[in-house]
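Reading through the structure tokens given below for one structure.
Numbering (the numbering used here), first residue to last: -4 to 85.
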């Protein structure tokens, strides 16, 4: 891997220095990865529960009437954040 960084103009000293620092942060990164994975699973579960499908991504009139995609997205947000309802707008 060092060789690839060297080809990009990054010295071996800088690579070694950063590698040492990165090693000291390994536990923190692992905890962040665990939280990320848990949150991703919550979102996937909410998508499955609300039966998100390609039909929810179809074009609408633009007025928001009977927009099943938006309604499904709001239901997903409500499930992920454990709320009664959610309002999600761009």
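By construction, the Cβ of each residue, glycine as well, lies at the ideal position given by its N, Cα and C atoms.
Exercise for review: May I ask which residues mark the beginning and end of the alpha helix (DSSP H) holding residue 19?
Suggested key: Here residue 19 refers to the residue found at position 24 when the chain shown is read from its first residue. Segment 7 to 19, the alpha helix (DSSP H) holding residue 19.
Review point. Alpha carbon to alpha carbon, how far is residue 62 from residue 53?
Key: In the chain shown, the residue the question calls residue 62 occupies position 67. In the chain shown, the residue the question calls residue 53 occupies position 58. Approximately 9 Å, taken between the alpha carbons.
**Study point:** Bounding residues of the alpha helix (DSSP H) (the contiguous stretch that carries residue 75)
**Key:** On the chain shown, position 80 is the one that residue 75 refers to. Its alpha helix (DSSP H) spans residues 63 to 75.
Exercise for review: Output the boundary residues of the alpha helix (DSSP H) element that contains residue 84.
Suggested key: In the chain shown, counting from the first residue as 1, residue 84 sits at position 89. Per DSSP, residue 84 belongs to no alpha helix (DSSP H) and is neither H nor E.
Check your understanding: Just reading off the alpha helix (DSSP H) that residue 51 is part of, what are its end residues?
Key -> Taking the first residue of the chain shown as position 1, residue 51 is located at position 56. No alpha helix (DSSP H) contains residue 51, which DSSP labels as neither H nor E.
Practice item. Grab me the residues of residue 41's own chain with a C-beta within less than 6 Å of its C-beta, minus the 5 sequence neighbours each way, in chain order. Key: The residue given as residue 41 occupies position 46 in the chain shown. Only 71, 74, 75 meet the Cβ criterion.
Review point. Rounded to a whole number of angstroms, what is the C-alpha to C-alpha distance between residue 57 and residue 66?
Key: By one-based count along the chain shown, residue 57 stands at place 62. By one-based count along the chain shown, residue 66 stands at place 71. The straight-line gap from Cα to Cα measures roughly 14 Å.
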